[in-house]
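*Asks:*
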Amino acid sequence: MAKQLNLLSTGQVITTALHTEMQRSYLEYAMSVIVGRALPDVRDGLKPVHRRILYAMHELGLVPDRPYRKCARVVGDVLGKYHPHGDQAVYDALVRLVQDFSSRYPLLAGHGNFGSVDNDPPAAMRYTETRLAPISHEGMLAEIGEETVEFIGNFDNSQQEPTVLPAQLPFILLNGCTGIAVGMATNIPPHNLGEVVDGLIALIDNPDLSNEKLFELIPGPDFPTGGEIVGNAGIREAYTTGKGGIVLRGVATFEEINPGRGSKRRTAIVVTELPYQVNKAGWIEKIAELVNQGRLVGIADLRDESDRTGMRVVIELKRDTNPNEVLQQLYHLTALQTNFGAILLSIVNGQPRQLSLRQLLQEFLNFREQTLSRRYSHELEKAESRLLLVSGLLIALSQLDEVIDILRHAADGTTAKIELQNRLSLSEVQADAILAMPLRRLTSLEQQNLQKESEQLTEQIQLLRTLLSDRRELLKSLKKDLRTLKRKYNDSRRTKLVEEHRSTGAQEQGSRGVGEENPKLEVPPEEVVLEITQKGYVRRLSSAAKKSKSDNGASDNDFTIQTAATDTEKELLVLTNGGKVYPIKVGDIPPTTGRSPRGTPLITLLTTTAQGTQEAVVDRFLLPDNPDAEMILLTKQGRIKRLPLLEFTNLTRRGITILKLKDDDELLFSQFTTTGEHLVLASSGGRLLKFKVDDEQLPVMGRTAMGLQALRLRLQEKMVGCVTFHKDQQLLLVTELGYAKRIGASSIRLASRGELGTQFFKFTHKSDNLAGVVLANPGTEVAIVTNQQRIVRTSVETVSVSGRDTIGESVLQLNRDEKIITVTELRS
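Below, the structure written as structure tokens:
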């Protein structure tokens, strides 16, 4: 019989109460889940699994300019080196970092099927590929090798991994986070990068910034799937206390559709955006289920017309059904309206804490200040070590004969090293560097390079010491980094912020509307913002949606050249090169949605007759409120005309002719003006003609007049610009070969209409010509377009002020056979 083990006699047993041991063990387990799995760190906004995925990909070299690699390879590295858990858990976390409908700013880029908003599963990891996204490579990992953060051993101490990534942006707010721990949960909504950076900079400049000012800069979350946030009470509660309910709604519009041949038109509710994390397929199934149960009435058909351009779910209504009532039922019975329970809970100094918005931002700023200090300290140490070596090399080169003598008579390397230290007063490191110096360093050029490097290192060390000793300079550097990242990665707000009383129904869409058949759909004039693009598209945005736009709508080699605030009762006037003007009611312009982000081609909104003329659009404008304003028109042959804006009122959709043209002439430019202003006309030959806008130089004419000769054009010369201005303003001139200069308008000789004008550009090439002229007011941005469809945006301040006889400066490096064709002022 085996001898029984007597544990009590060994002295290794500690007597403890069962409930005490259970309590202690459970708390240890709970804290392990909270800190090690479920909650994000307030500093980089990541859970451990996400941090390990990003770091493993950084170690693999999967940067944005390298090829994609199989996700299975990434998951294998993460499991083997840092995260000894299930492969599916790691792959699920990786997939979420790729999905643009889950993350506001995805940290990974992917190739392959990574799932969809319909809750379709991603493909297996052996089929999909991934690499780091630019924002995570630059904003999360760029400083990882500069001793900015602590490293610890992995689970078996075979590798080192960072305890936190040196994030340069508060990703905990940008992408948000969801996690369920033991006895607590977090649900942080995503936000807009530009708004968050503005809030950070405001807190740096004024740590005592009021909540009111902070909430103006960061008005609310910005979800990747768009939608609308109804009211701001929940936002304020969440931002102030760290916990609050935010009401989200999808975006719905009313449209009239023709269901079939011979059938009458019906009203449809078209949903183009859903609340965050709502499964579209599941939502459609829920609607169908409610209709079958008889709980949702008035719906005749339901179909999903979504494609790669965007979401579009059409809910076709029965005749005589009130669309507003159906929409309210959809809000009440389905996930078209949801409540996002925000909980701003994260790990702070190893402990879970519920923070306000201000506290989240301040914790990030504290962390960023620490990482910058560590980075600059590391750079200072490297620069000082390098300067020590370079100084030693310079000493050796200045006493080269003595160094050669030491080396010639030294018995071995050790003796030479000691002699160098003693006779030249060098350190051991400097002596080693001299002994390792190749012979090419003895050349005059190499000596100059060493001297230049020494000066640069000295300057760098001085700058780093200033940054480390002066907190104000350190914070300036922090703000500079934030602004740089904002310029690179900011985009427009996707989620609209609406008041509760303004979100009771859908917007009317299209030129017909449905108010004729159902008076309840009629709405008062709506404040909107119109954007006109260089390629002739018009975007109609709500004022709330436009507040956070800062990218000027650039997309697909197109860009916004004009922005105007108006309402749906006003008219947008379209001027064509045939001398005709057509009105378009703003309310007839379809609202711009995620399905058609480019907007609507302006020409398609004109009458069929106007479209058939194949005339080109010269200008589009809203009539100004100034009763004294007038319009100046300039043609291809240099004829000019001034007419009152009264001619542009009470127009019919067929339009009117406002300028009579010869057969081989066409309208090129238009400008608003007032009596007493000055006008400058520019020719491709670089000539400028300036005269005063008054009845003597340019009398007011009726719309049937042909106009007067403004500038006499030479052979092969053409008109390239027409600008009205006040005497103290400046002009920007740009040539076809990329040369530009600014000139003071007062430096142009005042002349009379019909003269030759004054030469104001000295061309460096015979083939060069003036391409355009625009006003150069402070802060003005211009877009330069080439014949190869390249677009470059620049500020006028980047071009120097020059005289009339200068050649200007190169502002654009052109390719072979490339020329600048237009220079456009971006107006707002």
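Taking this note's numbering, the leading residue of the sequence shown gets 1067, the next gets one more, and so forth.
By construction, the Cβ of each residue, glycine as well, lies at the ideal position given by its N, Cα and C atoms.
Rounded to the nearest angstrom, what separates V1380 and L1393 at their Cα positions?
*Replies:* Roughly 12 Å separates the two Cα atoms.
*Asks:* What residue ranges within the region 1352-1399 form continuous alpha helix (DSSP H) runs of no fewer than 4 residues, ordered along the chain?
*Replies:* Entirely contained in the region 1352-1399, the alpha helix (DSSP H) runs reaching 4 residues are, in chain order, 1389-1399.
*Asks:* Taking I1301 as the reference, give the member of T1718, L1563 and L1638 with the closest Cα.
*Replies:* When each option's Cα is compared against that of I1301, the closest is L1563.
*Asks:* Put K1702 into one of helix, strand or coil per three-state DSSP.
*Replies:* Here K1702 sits in coil by DSSP.
*Asks:* Quick check: the region 1103-1115 against the region 1426-1434, are there 3 or more CB pairs under 8 Å?
*Replies:* Judged by Cβ distances under 8 Å, the region 1103-1115 makes contact with the region 1426-1434, as three or more pairs qualify.
*Asks:* Alpha carbon to alpha carbon, how far is V1684 from S1182?
*Replies:* So the two alpha carbons sit approximately 42 Å from each other.
*Asks:* Once the 5 residues before and after S1609 are set aside, which same chain residues still bring their CB inside 8 Å of it?
*Replies:* Closer than 8 Å at Cβ, skipping near neighbours: E1593, V1594, V1595 and A1631.
*Asks:* Strictly by DSSP, which residues pair up with A1243?
*Replies:* Residue 1243 is actually Cys in this sequence, not Ala. I1254, per the DSSP bridge assignment.
*Asks:* Taking the alpha carbon of V1789 as the reference point, which residue from L1700, E1227, I1850 and L1399 has its own alpha carbon closest?
*Replies:* Out of L1700, E1227, I1850 and L1399, L1700 has the C-alpha closest to the C-alpha of V1789.
*Asks:* Only counting the same chain, and skipping five residues up and downstream in sequence, which positions put a Cβ closer than 8 Å to that of K1483?
*Replies:* Excluding sequence neighbours, K1483 sits near E1494, A1497, D1498 and L1501.
*Asks:* Can the beta-carbon of L1781 be found less than 8 Å from the beta-carbon of L1841?
*Replies:* No, Cβ-Cβ distance for L1781 and L1841 is not below 8 Å.
*Asks:* Is the CB-CB distance between V1161 and P1188 below 8 Å?
*Replies:* The answer is yes: Cβ separation under 8 Å.
*Asks:* Within 10 angstroms of its Cβ, does E1447 collect 16 or more other Cβ (buried), or is it exposed?
*Replies:* Label assigned to E1447: exposed.
*Asks:* Could you tell me which residues DSSP pairs with F1791 in its beta bridges?
*Replies:* Note: F1791 sits in a beta bridge opposite H1744.
*Asks:* Taking 8 Å as the threshold, find out whether the region 1707-1727 comes into contact with the region 1683-1698 through three or more Cβ pairs.
*Replies:* Yes: the two stretches touch, three or more of their Cβ pairs being nearer than 8 Å.
*Asks:* Is V1647 helix, strand or coil by DSSP?
*Replies:* If DSSP states are grouped into helix, strand and coil, V1647 belongs with the strands.
*Asks:* In three-state DSSP terms, what is P1871?
*Replies:* It should be noted that the sequence gives Asp, not Pro, for residue 1871. Here D1871 sits in coil by DSSP.
*Asks:* Using CA coordinates, which residue listed in Q1703, P1649, T1740 and R1893 is at the minimum distance from T1723?
*Replies:* Here the closest residue by C-alpha is P1649.
*Asks:* Hey, out of E1321, G1219, G1364 and P1287, whose CA is closest to Y1342's CA?
*Replies:* Among E1321, G1219, G1364 and P1287, the Cα nearest to that of Y1342 is on P1287.
*Asks:* Could you please give the first and the last residue of the uninterrupted alpha helix (DSSP H) stretch that includes Y1121?
*Replies:* Counting along the chain, the alpha helix (DSSP H) containing Y1121 begins and ends at P1114 to L1126.
*Asks:* Suppose you measure from the CA of T1196 to the CA of C1137; what does that come to, to the nearest Å?
*Replies:* Taking the straight line joining both Cα atoms gives about 6 Å.
*Asks:* Go to L1283, then tell me how far its alpha helix (DSSP H) extends in each direction, as first and last residue.
*Replies:* N1277 to L1283 is the span of the alpha helix (DSSP H), which, as asked, contains L1283.
*Asks:* How is the alpha helix (DSSP H) around Q1763 delimited, first residue to last?
*Replies:* Q1763 -> no alpha helix (DSSP H), and no H or E assigned at all.
*Asks:* In its own chain, which residues sit with a C-beta less than 7 Å from the C-beta of G1293, not counting the 5 before and 5 after it?
*Replies:* Around G1293: L1314, R1315, G1316, V1317, E1339, L1340, P1341, Y1342 and T1561.
*Asks:* Assess contact between the region 1875-1892 and the region 1819-1828, defined as three or more Cβ pairs (one per stretch) separated by less than 8 Å. Is contact present?
*Replies:* Counting Cβ pairs under 8 Å, fewer than three are found: no touch.
*Asks:* Given a threshold of 16 other Cβ atoms within 10 Å of its Cβ, counted over all protein chains shown, does A1214 qualify as buried or as exposed?
*Replies:* Looking at the sequence shown, residue 1214 is not Ala but Thr. By the neighbour-count rule (16 or more Cβ atoms within 10 Å), T1214 is buried.
*Asks:* CB I1284 to CB L1423, shorter than 8 Å?
*Replies:* It is a contact, given that the beta carbons lie within the stated cut-off.
*Asks:* Quick check on K1309: does DSSP put it in helix, strand or coil?
*Replies:* In the structure shown, K1309 sits in a strand (DSSP, three-state: E or B).
*Asks:* CB N1721 to CB V1647, shorter than 8 Å?
*Replies:* For the record, residue 1721 in the displayed sequence is Gly; it is not Asn. For G1721 and V1647, yes; Cβs fall inside 8 Å.
*Asks:* Here's a check: name, in chain order, each residue in its chain whose Cβ is nearer than 7 Å to the Cβ of Q1795, leaving out the five neighbours to either side.
*Replies:* Hits under 7 Å: A1811, L1841 and N1843.
*Asks:* Can you list, in chain order, the residues of its chain whose CB lies under 7 Å from that of G1576, leaving out five sequence neighbours each side?
*Replies:* Because G1576 sits at a pLDDT of 38, beneath the cut-off of 50, its placement in the model cannot be relied upon, and the point is left open.
*Asks:* With H, G and I counted as helix, E and B as strand and the rest as coil, what does DSSP make of K1707?
*Replies:* It is a strand residue.
*Asks:* Over what stretch of residues does the beta strand (DSSP E) that includes V1456 continue unbroken?
*Replies:* That residue, V1456, is in no beta strand (DSSP E); its alpha helix (DSSP H) goes L1423 to S1464.
*Asks:* Going by beta carbon distance, what residues of the same chain come within less than 6 Å of L1641, once the five residues before and after it are set aside?
*Replies:* The answer, listed in chain order, is V1647, V1684, D1685 and S1736.
*Asks:* Cα separation between V1336 and D1370?
*Replies:* C-alpha separation (whole angstroms): 10 Å.
*Asks:* Using the DSSP secondary-structure output, state which residues sit across from M1785 in a beta bridge.
*Replies:* DSSP output for M1785 lists S1749 as bridge partner(s).
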